[in-house]
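Read the structure below first, then the notes.
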Amino acid sequence: MNPSYENSVFINCPFDTRYKPLFNAEIFAIHDCGFTARCALEVSNSAKNRLQKIIDIISQCKYGLHDISRTGISSKTKLPRFNMPLELGIFLGCSHFGSPEHRTKACLIMDQDEFRYRKFISDISGQDIVAHNNSSEKAIHEIRGWLRTESKRTNIPGGAEIYKRYTRFQKQLPEIRKRLRIKPNEFTFVDFTYIVSDWLKENPLK
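What follows is the structure, encoded as structure tokens:
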């Protein structure tokens, strides 16, 4: 069963190996703040095309985390990657033209450097864009501040505390994976979110 609309955070980001450290930190931060991370990788139903899966998940999430840092030219195709800006556009369109519930949507847009986005997607200049500087610690602090501000929840731990807990989780992750007999190349988004959720239950905030 999917989490509630109010607790769901859609993640729109690259899924490649180089981005993995940031992706994992984002998932952990979202869950440690009391929310549930959602993304296209959670669905493997071949009966639906990828875009429809994304639209369905966006419709179920009040919050959206959008990282537009990977829009550079591919060395193979000599073309830019526009999946992330496309999904951001869908999310913003849903929040503008959707039902009253969808108009409550809130998003955080991140890039690797401050103001870099102006060179390739200047139409979003009115939005508040934050830079993560390719740092997991910085991304965690930004996500925590955003969710605390938008949700008005007072039980969300501070960014420094979440990062400290994430560092401890990372050290224990290889042993957890070994215990579950999951090889690194078999590790899925669903596996990781379940492991994070279980770890947080076993390591509650004091």
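If you're matching positions, the sequence shown starts at 8 in this note's numbering and goes up one per residue.
Just so it is clear, CB atoms sit at the ideal spot from N, CA and C, and this is done for glycine as well.
| Asked | Found |
| --- | --- |
| Rounded Cβ spacing between Tyr-70 and Cys-114 (contact assumed at less than 8 Å) | 7 Å |
| DSSP-derived helix/strand/coil call for Pro-100 | The sequence as given places Gly at residue 100; Pro does not occur at that position. Helix, per DSSP. |
| Sufficient close CB pairs (3 or more, under 8 Å) joining the segment 195-213 to the segment 33-50 | yes |
| Three-pair Cβ contact test at 8 Å for the segment 47-64 versus the segment 169-186 | no |
| Span of the beta strand (DSSP E) around Arg-45 | 43-45 |
| Cβ-Cβ separation, Arg-45 to Ser-15 (assumed contact under 8 Å), whole Å | 5 Å |
| Simplified DSSP state of Asn-140, which is helix, strand or coil | coil |
| Span separating the alpha-carbon of Ser-143 from that of Asp-118 | 13 Å |
| Helix, strand or coil at Asp-63 according to DSSP, with G and I counted as helix | helix |
| Ser-15 - DSSP class collapsed to helix/strand/coil | strand |
| Sequence-distant residues of its chain with Cβ nearer than 7 Å to Thr-111 (five each side left out) | Lys-69 |
| Close Cβ partners of Ile-80 (< 8 Å) along its chain, the five nearest in sequence each way excluded | Leu-86 and Pro-87 |
| Beta-carbon proximity list for Asp-74, same chain, < 6 Å, skipping 5 on both sides | Cys-20 and Met-117 |
| Local Cβ density within 10 Å of Ser-51, reported as buried at 16 or more and exposed below that | exposed |
| Of the listed residues Asp-120, His-148, Ile-147 and Lys-145, nearest to Ile-136 (C-alpha basis) | Asp-120 |
| Simplified DSSP assignment, three categories, for Ile-202 | helix |
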